[in-house]
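Presented below is the structure to which this report refers.
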Amino acid sequence: MYSSGSTVFLISKNMLYTSVTQRHYHIIRYEKNARVCWDPARKVRLLARPEERVRLQFIDWMHYECGIPYHRISTELPVYLESRKGARAIRADILAHDENFKPYLLVECKAAEVSLSEKTATQVAGYNQKLKAPFLILTNGRQDACFKIEGKTPHPVGIETFQRETSMAGFRSASYWNERGFLGSLSLDDKKNALVSLCNLFFGSTTKKNSVQYLEVPKIRAYPDLNHYYIYSGYRACSLMSDPDGTTWFVLLHSSVDAGNCIILIRLYGKDVNPSVLITKKVIPLEEPLTNWFREELLDKFEHSRTLSFYDDLFEKLETKVLQRLS
Numbered sequence: 081m082y083s084s085g086s087t088v089f090l091i092s093k094n095m096l097y098t099s100v101t102q103r104h105y106h107i108i109r110y111e112k113n114a115r116v117c118w119d120p121a122r123k124v125r126l127l128a129r130p131e132e133r134v135r136l137q138f139i140d141w142m143h144y145e146c147g148i149p150y151h152r153i154s155t156e157l158p159v160y161l162e163s164r165k166g167a168r169a170i171r172a173d174i175l176a177h178d179e180n181f182k183p184y185l186l187v188e189c190k191a192a193e194v195s196l197s198e199k200t201a202t203q204v205a206g207y208n209q210k211l212k213a214p215f216l217i218l219t220n221g222r223q224d225a226c227f228k229i230e231g232k233t234p235h236p237v238g239i240e241t242f243q244r245e246t247s248m249a250g251f252r253s254a255s256y257w258n259e260r261g262f263l264g265s266l267s268l269d270d271k272k273n274a275l276v277s278l279c280n281l282f283f284g285s286t287t288k289k290n291s292v293q294y295l296e297v298p299k300i301r302a303y304p305d306l307n308h309y310y311i312y313s314g315y316r317a318c319s320l321m322s323d324p325d326g327t328t329w330f331v332l333l334h335s336s337v338d339a340g341n342c343i344i345l346i347r348l349y350g351k352d353v354n355p356s357v358l359i360t361k362k363v364i365p366l367e368e369p370l371t372n373w374f375r376e377e378l379l380d381k382f383e384h385s386r387t388l389s390f391y392d393d394l395f396e397k398l399e400t401k402v403l404q405r406l407s
C-alpha cells in the first residue's frame, strides 16, 4: 500500500504491464557528429540519459499510439507543493492535456534500473494533488502501472484505455526510422526500400524473440556514434543506424571468449567515405566481395516472408566469415 496525503495506492505484480516504451524510440539530432535526444514537446536538445530516454520513448507512444498532439504534452512541468519550509517547486515528468487543455494523463518516468516502488507512487500522487489529472501512469521503461482516479481512489486500468484503434503498432514509415537514427537520409529515396521493412521487423515487432536494448559503445574515430538501440541475444547485438552524412550502416557487436570484443561495421547505403571494417584492438578494412555478399543477402534478396531466425543465421554466417580474419 502506497500513499500520499489522502490518496492511497494498492500496487501488486498483476497491475504491472510490459512497458509500451519497448517498441518506441526517441527522436535524435546530431551535435558535432554526436547523437543527442530531441524533445518534440519542448523542442529542445537533451543528453541521452536513461530517464530522459524513457520519457521520450513514452512521449513517442503517446503521440503515435494514443493520438495526442505534441502541443498538448508538457514535460518537466513545475508543480508547487506546500511543505513545512513553505512552497517548493518540483517537476512533473509528463503531463498530457485533453482537447480542452485540462490535465488528462500524468506520467512519472524512472530509469530502467529503478523499480516502481513506494517512492515512485508517492511522488506522482503528490504532484497530482495540484494537477488533478484523472489518469496516472508510472513507468521505468520495463514496466508500466496505470490508474484512473475516481474521487480520491486510484483504480488500476489497462494500457489499452489510452490507445487508439488505429495505431502504429504495425508498419512504420521511412521518415519515422530516419528521425530516430535507424535510417540515413540518403536511403529514403527508394520507396520500396527493404531497409524500412527490416526496421519494422527488427525494432517494430513485439515478438519476444528480438529483445531490444539501448547500448552505449565507445566512440570510434571517423565512424558513427554507436550509442543506439540493438536487437540483443547472448554474445551478439545488431542494429541499423544512420550517420550525420545520411549513410545507413549495419552494426554488429560481438563478445566471446575466443574472439573477445569486436565490432563489425558495414556500409549499406549512402556515401562511400569510410570503408566497412572489423574493429578489435585495431581497425581492419573488410574486403569488397564480403560486404557485397552481405548487402545482397540482406537487401537485394529481401523477402517479406523471412523470419527473425533467418536473420540470426545470416548474422552468424557474417560473424564466421569476418572473424576468420582473426585466426
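Residue 81 is where the sequence shown starts when you use the numbering used here, and the numbers rise one by one after that.
Cβ atoms here follow ideal geometry from the backbone N, Cα and C, with glycine treated the same way.
In this structure, what does DSSP give as the bridge partners for residue i?
i, result
"Q293", "Y310"
"G261", "Its beta-bridge partners do not exist; DSSP assigns none."
"W118", "I107 and R125"
"V357", "L345 and P365"
"R152", "Its beta-bridge partners do not exist; DSSP assigns none."
"V159", "I170"
"M321", "W329"
"R316", "S313 and H334"
"H235", "K228"
"L218", "E188 and A225"
"A274", "Answer is none; A274 lacks a bridge partner."
"H177", "P183"
Considering only residues of the same chain and omitting the five flanking positions on each side of residue i, which have a CB-CB separation below 7 angstroms?
i, result
"K271", "Since pLDDT at K271 reaches only 48, below the 50 mark, its modelled position is unreliable, and no value is offered."
"S197", "none"
"P130", "A191 and A192"
"A176", "M142, I148, R152, I153, Y184 and L185"
"T387", "none"
Looking at residue i: is its Cβ nearer than 8 angstroms to the Cβ of residue j?
i, j, result
"G409", "M321", "Residue coverage of the chain in this structure runs from 81 to 407, which leaves residue 409 outside it and unanswerable."
"P183", "K228", "no"
"K351", "L370", "no"
"P324", "Y105", "no"
"H334", "E399", "yes"
"L345", "I359", "yes"
"W329", "P355", "no"
"C146", "F242", "yes"
"C279", "W257", "yes"
"I107", "R115", "no"
Span of the beta strand (DSSP E) holding residue i?
i, result
"Y349", "G340 to Y349"
"I229", "Q223 to E230"
"L96", "L96 to T98"
Where do the N-terminal and C-terminal ends of the alpha helix (DSSP H) with residue i fall, by residue?
i, result
"F282", "Here F282 belongs to no alpha helix (DSSP H), and DSSP marks it neither H nor E."
"V187", "Where V187 is concerned, there is no enclosing alpha helix (DSSP H), although the beta strand (DSSP E) it sits in stretches over P183 to C189."
"F78", "Because the chain here runs from 81 to 407, residue 78 falls outside it and cannot be looked at."
"L136", "P130 to Y144"
Note down, in chain order, each residue of its chain lying with its Cβ closer than 8 angstroms to the Cβ of residue i, except the 5 sequence neighbours on either side.
i, result
"S253", "V276"
"E296", "N307"
"R171", "E156, L157, P158 and V159"
"N35", "With the chain covering only 81 through 407, there is no way to say anything about residue 35."
Here's a check: name, in chain order, each residue in its chain whose Cβ is nearer than 6 angstroms to the Cβ of residue i, leaving out the five neighbours to either side.
i, result
"S319", "H308, Y310 and V331"
"L379", "A274"
"R122", "T155"
"G326", "G264, S265, L266 and G350"
Quick check: the segment 95-102 against the segment 220-231, are there 3 or more CB pairs under 8 angstroms?
-> yes
- Between the segment 122-138 and the segment 186-196, do at least 3 Cβ pairs fall closer than 8 angstroms? yes
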